C-alpha cells in the first residue's frame, strides 16, 4: 500500500467458478492438493466448465469512505464481498486489507432456530469475536437496537425474517471494525429500523472507518456512498464517484428499456408497428431518427420524423432543459385543406403534454405534394428519461383523422444539462431520473415572524 | 510509508499459505487462542441441539457401546467367538474394549460433524477456524467423561477387579481420542466436499473394530493376527484395558510412541484443514 489512508486495496482481483457441481468438487480436491504442496492450481486460466465470476477488478477504499457495489444479480457483488471478508482466496490479483474487517452478510447465519434470541446473540457475538463479558455488557443495547425487548427470550424459529435480520444487524452494530462489509441488509426491516442502520453507518464513516456496501437501491448509493463500483458479468463496468456511476448505470438501464419497448411495440401495437420498426431500422442504418408509413392510397403519408437539437442538427438525445424541434416531412397525393398536426409526448404509456394545432390554431390553408412542418419547443420540460412521441394529424375541421395516432419517435433526455440546475438535494440525480417526468422551475421560500429567512431556487 | 504496528494488515493472493510457513504457524497459534470462547459456544449449541429433539437424550451416548457389548456377550455365550486366556471375564473384556474403542470412533467422526454443523457459519462469516477443531475436541471429551462413568458403573456391577494402575489409563484414552481426531481432521478436506467420506466413516469404524482387540483377543496366527499386530490401535486399546483391569503396563511404551506420531500427523492435518477451508467455502458457498 502506498497511502496510509488506503484501507482496502484491490488489484486485478479475479475468481473463477465452475458451472457443474461434480467437476467443481473435483477441482476443489485438486486445488487443496496444490495448496498442500505450496503451488497454484492452473494459474491464470480457466479449466473446463469454469467461468470468471470476478474478472480483473481493481479499486481502493480509503478511511472514512463508503463504496457502493451495484450490478444485477449474478454480477459478482457477493463473491467480491466474500473475498473482502477473507472467506475465499483470489485466483488472480491481490487484495490487501488493513485493520479489522467485519461483515454483515446474511444475518440469520448461525442462528439456531431452537435457541432463544438471547442465546443466539451470545453465539453470534462469539463468532464475531466478542468475549462473554463484552457481550453481557452490550446485550441491553443490542436488544434495544433490534427493538425486540418483548421477544428476546423466545425461540428464534418464531421470529419473522425481519426480526431475525434486525437482531443480526444489532449484534454487528456493536462492533467497531475498520472495514464494514454490508450485503443488502437495508432491504429488510421497517423504515424506523432502516433509519437506525443509516445513522449507525454514518457514525462509523464519520469515525474514519470504511464501508463497502452492496445494494440494489441507487438512491442509497447516491445518498450514502462516496464512490461506486458497477459490476457486470464479473467485470468492473465502471468505477468512480458515486454520482457518475449511478448516471452511467441509469443510462444503461434506459437504453435497455428503450430497446425492450421497441421490441414490444413491434410485437403488439398494430398501428405503431410500422412506424416503430421503421424508426429503429432507419436509426440503425443511418443513425438518425425517422419514421415512415408507406401506405400509398392515403390522403397523407408521413415520410420521416426527425428530432433536432438546439443547434438544428438531427439528434437522438437531448440535454436536460434544452430546446427541441420535431421536424415532420409529409407527402399529400392530393390537396388537403388545413391539416392540424398534433404531437403527444408520452412516458410509460401516459401522455405528459401535447403540442397541438387543435389548440394553437391552423397553419396554411392547404397543402399538396411534399412538405415539411417543424414544431419548435424552446424548453423541453422533461427530466432525464426516454419519451415516446406520438403523432396524429386531423383534417381542417378537426374531425377526420388524416393520420391516426402512432408512435413516430423516441426522445432520450440525458442528464447532460443537469449542471445548469443547482441540484443541491441529496438524491438529485436519482430523483430527477426516476421520479416524476415533468420538470418545472420553482422557488421555495421560508418565513418566520421576522420575515423571509431562506430561499431555495431551482432556477437555471 | 508510515505503518501503524497496531493495525493488522492482511494480503490475499492466489499463492499457497505454505510459502510463508512461519506466518502460517503464527496465525494458527493466534487463531487457536482466539477461538476458545467461540468453540465453547459452538460446543454448547451443538450438544444442546443434538439431543434436544430426542426422547432418550444423552442416553444415546452410552447406548451404542452397551448394545455392541451385549451383542458380543450374546455371541460369546453361544460359543461363536473363541475367547480364551483373556485374563478377565469376557463381559469385562468386551465392555472395556468397546468403551475405549468408542473414544477413537467418536473422535474420528467429530471434526466432520462439527464442520457440517457449522457450515452456514463457515461459508458466511470469518472466524478463527481453529474453533471448529476445539469444538471437536470438546465433544470427544464429553463422550470420554460419559464413557468413563459408564465403564465404572459396569465394572462395579460386574464385580470386576480394578487395578491400582487404573488412573493411568487416561494416557491411552487420550491417545485414542488423539488418534481418532487426527484421522477425522485429515479426512475433513475430502469429507467436506464429498459425502462419501461421512458415509464411509461408519463402515470404516465397524471394520476397524473387528481388526482391533475390542471383542476378542488377537488370534495367534493367520491374516487377522498379522493385521491386529500391525494395527496401531491395538496397543492403545490393550494398554487402556490392561491398566484398568490387570495392571499390566507392557503396552505403555508403544502407546506413547504411537501418540507421538499421532500428534505430528494431527498438526499436519490441522495445516491441511486451514489450507482447505477457503476452497471448501468456495465450492460449497452461498
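Residue numbers (this note's numbering), protein chains in the order written: chain E, 1036 to 1495; chain V, 33 to 318. All C-beta atoms in this analysis are idealised placements derived from N, C-alpha and C, irrespective of residue type, glycine included. Note that this is a predicted model, so its numbers are computed, not measured.
{"Asked": "As assigned by DSSP and simplified to three states, the class of residue 108(V)", "Found": "helix"}
{"Asked": "Within-8 Å CB hit, residue 1187(E) to chain V", "Found": "no"}
{"Asked": "Residue 1371(E) vs residue 1335(E) beta-carbon contact at 8 Å", "Found": "yes"}
{"Asked": "Residue 243(V), DSSP secondary structure in three states", "Found": "coil"}
{"Asked": "Contact the region 1042-1057 of chain E vs the region 1087-1105 of chain E: 3+ CB pairs below 8 Å", "Found": "yes"}
{"Asked": "Boundaries of the alpha helix (DSSP H) in which residue 78(V) is found, first to last residue", "Found": "68-84"}
{"Asked": "Element boundaries [beta strand (DSSP E), containing residue 1274(E)]", "Found": "1270-1276"}
{"Asked": "Range of the contiguous beta strand (DSSP E) that encloses residue 1359(E)", "Found": "1359-1372"}
{"Asked": "Enclosing beta strand (DSSP E) for residue 1466(E) [first to last residue]", "Found": "Note, residue 1466(E): premise wrong, no beta strand (DSSP E); alpha helix (DSSP H) at 1463-1469."}
{"Asked": "Cβ-Cβ separation, residue 291(V) to residue 210(V) (assumed contact under 8 Å), whole Å", "Found": "6 Å"}
{"Asked": "Beta carbon proximity, residue 143(V) to chain E, threshold 8 Å", "Found": "no"}
{"Asked": "In chain order, each alpha helix (DSSP H) run of at least 4 residues that lies wholly inside the region 1077-1142 of chain E", "Found": "1112-1119"}
{"Asked": "Cutoff 8 Å: residue 286(V) Cβ touching any chain E Cβ", "Found": "no"}
{"Asked": "Per-residue DSSP class, three states only, for residue 1177(E)", "Found": "helix"}
{"Asked": "Whole beta strand (DSSP E) elements within the region 89-158 of chain V, 3-residue minimum", "Found": "none"}
{"Asked": "Residues near residue 271(V) in its chain [Cβ-Cβ closer than 7 Å; skip 5 each side]", "Found": "204, 283, 284 and 287"}
{"Asked": "Residue-chain proximity (residue 191(V), chain E), Cβ-Cβ < 8 Å", "Found": "no"}
{"Asked": "Residue-chain proximity (residue 216(V), chain E), Cβ-Cβ < 8 Å", "Found": "no"}
{"Asked": "Chain E contact residues for residue 81(V), given Cβ-Cβ distances below 7 Å", "Found": "1147 and 1149"}
{"Asked": "Beta carbon proximity, residue 153(V) to chain B, threshold 8 Å", "Found": "Absent from the structure: chain B. Protein chains present are E and V."}
{"Asked": "Cβ of residue 47(V) within 8 Å of any chain E Cβ", "Found": "yes"}
{"Asked": "Nearest neighbour of residue 132(V), chosen from 147(V), 54(V), 98(V) and 145(V) [CA to CA]", "Found": "98(V)"}
{"Asked": "Cα-Cα separation between residue 310(V) and residue 1122(E), rounded to whole angstroms", "Found": "6 Å"}
{"Asked": "Counted within 10 angstroms of its Cβ, other Cβ atoms place residue 1310(E) as buried (16 or more) or exposed", "Found": "Because residue 1310(E) sits at a pLDDT of 39, beneath the cut-off of 50, its placement in the model cannot be relied upon, and the following sentence gives the value as read from the coordinates. So residue 1310(E) ends up on the buried side."}
{"Asked": "Buried/exposed call for residue 1213(E), threshold 16 Cβ in 10 Å", "Found": "buried"}
{"Asked": "Cβ contact check for the region 176-184 of chain V and the region 80-87 of chain V: 3 or more pairs under 8 Å", "Found": "no"}
{"Asked": "Of the listed residues 1226(E), 1067(E), 1410(E) and 1155(E), nearest to residue 47(V) (C-alpha basis)", "Found": "1067(E)"}
{"Asked": "Residue 1448(E) - partner residues in DSSP beta bridges", "Found": "1353(E)"}
{"Asked": "Residue range of the alpha helix (DSSP H) that includes residue 176(V)", "Found": "162-189"}
{"Asked": "Outcome for residue 222(V) when other beta-carbon atoms lying within 10 angstroms are tallied against a minimum of 16", "Found": "buried"}
{"Asked": "Residues of its chain near residue 263(V), where Cβ-Cβ distance is below 7 Å and the 5 sequence neighbours each way are ignored", "Found": "243 and 244"}
{"Asked": "Beta-carbon gap between residue 1419(E) and residue 1467(E) smaller than 8 Å", "Found": "yes"}
{"Asked": "Through-space distance from residue 1422(E) to residue 162(V), alpha-carbon basis", "Found": "59 Å"}
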